[in-house]
Amino acid sequence: MIVWMAAFVMLASCNQSGNQAGTDPSTMAKEEILTATVEEIVAQPAAFEGKEVAISGMVTHVCRHSGQKCFVLGEDGQTQLRIMTGGDIEEFLIDMEGSTIAFRGVVKVLDTEQSADMAEENASMAEHTEEMAHSKAERSPTYIEAIDFREVSL
Amino acid sequence: MNWRKWNRWVHRELGYLFFGMSIIYGISGIALNHFAARHWDPGIISRSESFTYPSPLDQSSVDREVIDRILEITGERKNYKQYYFPNKDHLMIYLRGGHISMTLSTGAMELILVRNRPVFSEMNYLHYNKPKKLWTWFSDLYAFGLVLMAVTGLFIVRGKKGITGSGGILTAVGILLPLLFLMIYLWL
Numbered sequence: 104m105i106v107w108m109a110a111f112v113m114l115a116s117c118n119q120s121g122n123q124a125g126t127d128p129s130t131m132a133k134e135e136i137l138t139a140t141v142e143e144i145v146a147q148p149a150a151f152e153g154k155e156v157a158i159s160g161m162v163t164h165v166c167r168h169s170g171q172k173c174f175v176l177g178e179d180g181q182t183q184l185r186i187m188t189g190g191d192i193e194e195f196l197i198d199m200e201g202s203t204i205a206f207r208g209v210v211k212v213l214d215t216e217q218s219a220d221m222a223e224e225n226a227s228m229a230e231h232t233e234e235m236a237h238s239k240a241e242r243s244p245t246y247i248e249a250i251d252f253r254e255v256s257l
Numbered sequence: 616m617n618w619r620k621w622n623r624w625v626h627r628e629l630g631y632l633f634f635g636m637s638i639i640y641g642i643s644g645i646a647l648n649h650f651a652a653r654h655w656d657p658g659i660i661s662r663s664e665s666f667t668y669p670s671p672l673d674q675s676s677v678d679r680e681v682i683d684r685i686l687e688i689t690g691e692r693k694n695y696k697q698y699y700f701p702n703k704d705h706l707m708i709y710l711r712g713g714h715i716s717m718t719l720s721t722g723a724m725e726l727i728l729v730r731n732r733p734v735f736s737e738m739n740y741l742h743y744n745k746p747k748k749l750w751t752w753f754s755d756l757y758a759f760g761l762v763l764m765a766v767t768g769l770f771i772v773r774g775k776k777g778i779t780g781s782g783g784i785l786t787a788v789g790i791l792l793p794l795l796f797l798m799i800y801l802w803l
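Quick mapping for you: the protein sequence lines, in order, are chains A and B. Per our numbering, residue 104 is the first one in the first sequence, and the count goes up by one each step. Per our numbering, residue 616 is the first one in the second sequence, and the count goes up by one each step.
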């Protein structure tokens with residue numbers, strides 16, 4: 104049994120290092136990263152779709168249910184954008200609320216069918232029934248799949 | 616060694632190996648069930664306290680001086696982070712370890728302090744596969760092991776109490792029950 108386990112762990116480890124080798128940092132550095140604001144992405148999602156962007160803003164809310172999404176506030180103090188975990192990000196922590204965070208990630212726009220699926224999923228969760236300041240961003244088809252992030256204040 | 620001996624060996628060894636995983640997934644499963652039903656939040660411990668600001672406010676009257684006064688009233692001056700207005704009548708002040716939510720027109724304030732619930736937050740971290748990476752494969756292995764334990768478990772006992780006797784009836788009931796819930800909640 105122990106031999107069996109060890110073989111499995113070794114196989115999984117080999118697979119992981121293979122994945123890491125596939126992400127060549129020199130290739131990544133050559134890709135263009137756009138600096139954008141929350142308001143720009145929300146206003147013109149098509150212009151940013153599929154592109155890697157860097158944005159920053161105060162995190163207003165972190166999803167308590169999964170920690171897999173949070174919301175960042177634009178400089179106008181009203182517009183919010185949904186950020187989803189991606190890459191090696193395990194989760195967003197509640198401690199991020201109220202901190203200014205710089206995110207790097209890819210802008211994604213859900214198609215009609217995906218939006219409908221998300222709406223159905225949200226509707227089934229009791230915590231999504233109350234209208235909140237981030238609700239519009241929560242329902243929006245536009246979001247950023249974060250690759251990494253760091254706190255820039257406090 | 617006949618197949619029944621192999622069956623018992625697989626069932627016993629997997630049972631020992633995955634005892635810890637079964638406890639983690641079992642306990643966190645109950646916790647997450649009740650989280651989904653909004654009975655209880657297993658991940659965090661939340662405490663709230665109510666305060667009242669001496670006078671009503673509006674957005675234009677809120678400045679750093681007002682924020683300082685609120686922090687003084689709530690005793691949270693050292694934990695201040697930032698604030699914003701979720702809507703015209705609502706002020707949100709973020710703190711390290713919580714926030715203050717204020718209704719400007721009434722001056723009603725609610726201080727909410729949150730912290731991770733020990734043990735459960737760690738179990739949920741694993742149950743939700745937040746570590747990803749190698750944990751994904753190990754928990755897959757556990758899930759496969761669970762299937763093997765279930766199947767081998769059917770053939771541990773022979774005779775009247777085995778799969779060909781009362782054990783078979785119980786197995787059928789265990790399969791039909793989730794189907795019944797699906798019929799009631801999903802299909803009908």
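We put the beta carbon where it would ideally sit given N, CA and C, even for glycine. A quick note: this is a predicted structure, and the numbers were derived from the prediction, not measured.
Judged by DSSP secondary structure, Arg730 of chain B falls within the beta strand (DSSP E) whose first and last residues are Ala723 to Asn731. Distance from the Cα of Ala765 of chain B is smallest, within the candidate group B:Lys776, B:Thr751, B:Gly774 and B:Gly789, for B:Gly789. As computed with DSSP, Asn702 of chain B is found in a beta bridge with B:His705. With 16 or more other Cβ atoms inside 10 Å of its own Cβ, Thr188 of chain A counts as buried. Along the segment 644-672 of chain B, going in chain order, the ones with a CB nearer than 9 Å to a CB of chain A are Phe650, Ala651, Ala652, Arg653, Asp656, Gly658 and Ile659. According to the DSSP assignment, Ser661 of chain B belongs to the beta strand (DSSP E) that extends over Ile659 to Thr667.
In terms of CA proximity to Leu672 of chain B, B:Leu706 leads the group B:Trp655, B:Ile715 and B:Leu706. By the 16-neighbour rule on beta-carbons within 10 angstroms, Gln147 of chain A is exposed.
Between Ala646 of chain B and Phe735 of chain B, the C-beta spacing is below 7 Å.
Not a single C-beta of chain B is nearer than 7 Å to the C-beta of Glu234 of chain A. For Met161 of chain A, the C-beta contacts it makes with chain B under 7 Å involve Gln697 and Tyr699, in order along the chain. According to the DSSP assignment, Gln183 of chain A belongs to the beta strand (DSSP E) that extends over Gln183 to Met187. Within the segment 171-199 of chain A, Leu176, Gly180, Asp191, Glu193, Glu194, Ile197 and Asp198 place their CB atoms closer than 8 Å to a CB of chain B, listed in sequence order.
Take Leu710 of chain B, set aside five residues on each side of it, and the residues of its chain with a beta-carbon closer than 7 Å to its own are Glu691, Asn694, Tyr695 and Lys696, in chain order. Excluding five sequence positions before and after Gly780 of chain B, the CB atoms of its chain that fall closer than 8 Å to its own CB belong to Gly774, given in chain order.
In the displayed model, Ala240 of chain A falls within a helix according to three-state DSSP. Under a 10 Å Cβ-count criterion, Met199 of chain A is classified as buried, with 16 or more other Cβ atoms of the shown protein chains found around its own Cβ. Neighbourhood of Ser202 of chain A in chain B, by CB distance below 7 Å: Lys696, in chain order. Among the CB atoms of chain A, one or more fall inside 7 Å of the CB of Lys745 of chain B.
Residue pairing for Tyr695 of chain B: DSSP places it in a beta bridge opposite B:Leu710.
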